[in-house]
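Heads up: the structure comes next, in structure tokens.
As structure tokens, this is what we get:
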């Protein structure tokens, strides 16, 4: 393949994406700051296990975004958490103005700072519906994939122009991806799915399936879902009655999956809580909708982040 995709961040999302693209024959260059992971890929390749085990695959991996040959790229994927993605903003400005940049982060309103800082650049927003973990450096595991992924262009000047090629590359590589006419709705859908269980799983330090099998947790997730759907509707995104059943099926498919919020809390890192339940709380207040369950979980996750930060500073 003559297409060249740069992927910044080879955590679960980026590693699974890279492995599928390379396997299909696309050119991929990764940028990864974790030296042990980077060195393992250079030495023995990247291996992905799970639904479709394959590997190892080999591709160049550099340490920093600036080391990518940006002029040769057809797309750049920022497969890093929101705080790290925002830190990359100044480093996007020197890149070719027509280079599409893909934002696959979980959460609401992630794209705002990017559109403000680089208003002429084609940004693609992506709702990623696969998940995985890194059990060891150079190794990934796909936990589940609720097909398809969704991607949409944020440039406001085209229907599918920038998103369609990217979606076709991922689909050809085995990660079925569909261009969404209303990507905002798909982002809300994914945010609701994450907000309903990820913070509970993180605070209990168990997988999503383990959490959901507890009857009190199942009831709590139902209250969270009701709040989220009320707020989503107030923001112009009304979901069908079948969406609640879809949520349960989606979450139960990740039986042994430890969500990234849990991994972040365990490692003392900043989570995406402010862009998930925190944003739902903000929109709830804006529209006069009480969201006590979302507020409680947001406070608790923020508090645990603060405790970890305090421990690190001692």
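Residue numbers (the numbering used here): 320 to 633.
C-beta atoms are modelled at their ideal positions from N, C-alpha and C, and glycine is treated no differently.
Given residue 617, which residues of its chain have a CB within under 7 Å of its CB, disregarding the five upstream and five downstream residues? Here residue 617 has 592, 596, 597, 600 as same chain residues with Cβ atoms under 7 Å from its own Cβ, once five neighbours each way along the sequence are excluded.
Tell whether a beta-carbon distance below 9 Å holds between residue 602 and residue 424. no
Would you call the stretch 323 to 338 and the stretch 445 to 465 in contact, with 3 or more CB pairs under 8 Å? yes
Give me the Cα-Cα distance between residue 577 and residue 543, rounded to the nearest whole angstrom. 19 Å
8 Å contact criterion, which residue 434 and residue 420 should meet: CB distance rounded: Contact doesn't hold; Cβ gap of about 11 Å is too wide.
Going straight from the alpha carbon of residue 520 to that of residue 562, what length do you get? 21 Å
Determine the closest residue to residue 589 out of 369, 383, 400, 375, with distance taken between C-alpha atoms. 400
Unbroken alpha helix (DSSP H) run spanning residue 594, endpoints: Where residue 594 is concerned, there is no enclosing alpha helix (DSSP H), given that its DSSP letter is neither H nor E.
Can you grab the Cα-Cα spacing for the pair residue 552 / residue 539, in whole Å? 20 Å
My guess is that residue 380 and residue 351 are in contact by the Cβ rule of under 8 Å, so how many angstroms apart are they, rounded? Indeed, because the Cβ distance is near 6 Å, the residues count as touching under 8 Å.
From residue 427 to residue 388, what distance separates their C-alpha atoms? 30 Å
Going by DSSP in three states, residue 355 sits in which element: helix, strand or coil? helix
Only counting the same chain, and skipping five residues up and downstream in sequence, which positions put a Cβ closer than 7 Å to that of residue 518? 580, 592, 596, 616, 620
Under three-state DSSP, which class holds residue 603? helix
Is it right to say residue 630 is buried, meaning 16 or more other beta carbons lie within 10 angstroms of its own, or is it exposed? Here the model assigns residue 630 a pLDDT of 46, short of 50, so the residue's position is not dependable, and the following value carries that caveat. Its Cβ having fewer than 16 others within 10 Å, residue 630 is exposed.
Would you list the residues sitting across from residue 471 in a DSSP beta bridge? 444.
Would you identify the three-state DSSP class for residue 464, choosing helix, strand or coil? strand
Three-way DSSP call (helix, strand, coil) for residue 366 in this model: strand
To the nearest angstrom, how far is the alpha carbon of residue 624 from that of residue 547? In this structure, the alpha-carbon of residue 624 lies about 23 Å from that of residue 547.
What's the C-alpha gap between residue 496 and residue 332? Rounded to whole angstroms, residue 496 and residue 332 show a C-alpha spacing of 14 Å.
Unbroken stretches of the alpha helix (DSSP H), 4 residues or longer, contained in the stretch 373 to 445: 401 to 406, 408 to 411, 431 to 436
In this structure, what does DSSP give as the bridge partners for residue 360? Beta-bridge pairing links residue 360 to no other residue.
Less than 9 Å between the C-beta atoms of residue 650 and residue 567, yes or no? Absent from the model: residue 650. The displayed extent of the chain is 320 to 633, so no value can be given.
Within 10 Å of its beta-carbon, does residue 626 have 16 or more other beta-carbons around it, so buried, or fewer, so exposed? exposed
Rounded straight-line distance, which links the Cα of residue 439 to that of residue 365: 35 Å
Within 10 Å of its beta-carbon, does residue 636 have 16 or more other beta-carbons around it, so buried, or fewer, so exposed? Here the chain covers residues 320 to 633 and nothing more, so residue 636 does not appear.
Where residue 324 falls: helix, strand or coil (DSSP): strand
Buried or exposed for residue 444, please, with buried defined as at least 16 other CB atoms from any protein chain shown within 10 angstroms of its CB. Buried.
Quick check on the burial criterion: 16 or more other C-beta atoms within 10 angstroms. Buried or exposed for residue 459? buried
Would residue 462 be called buried (16 or more neighbouring beta carbons within 10 Å of its own) or exposed? So residue 462 counts as buried.
Just the C-alpha distance for residue 612 and residue 346, rounded to the nearest angstrom, thanks. 45 Å
Start and end residues, beta strand (DSSP E) containing residue 453: 449 to 455
From 371, 360, 391, residue whose alpha carbon lies closest to that of residue 382: Nearest of 371, 360, 391 to residue 382, Cα basis: 360.
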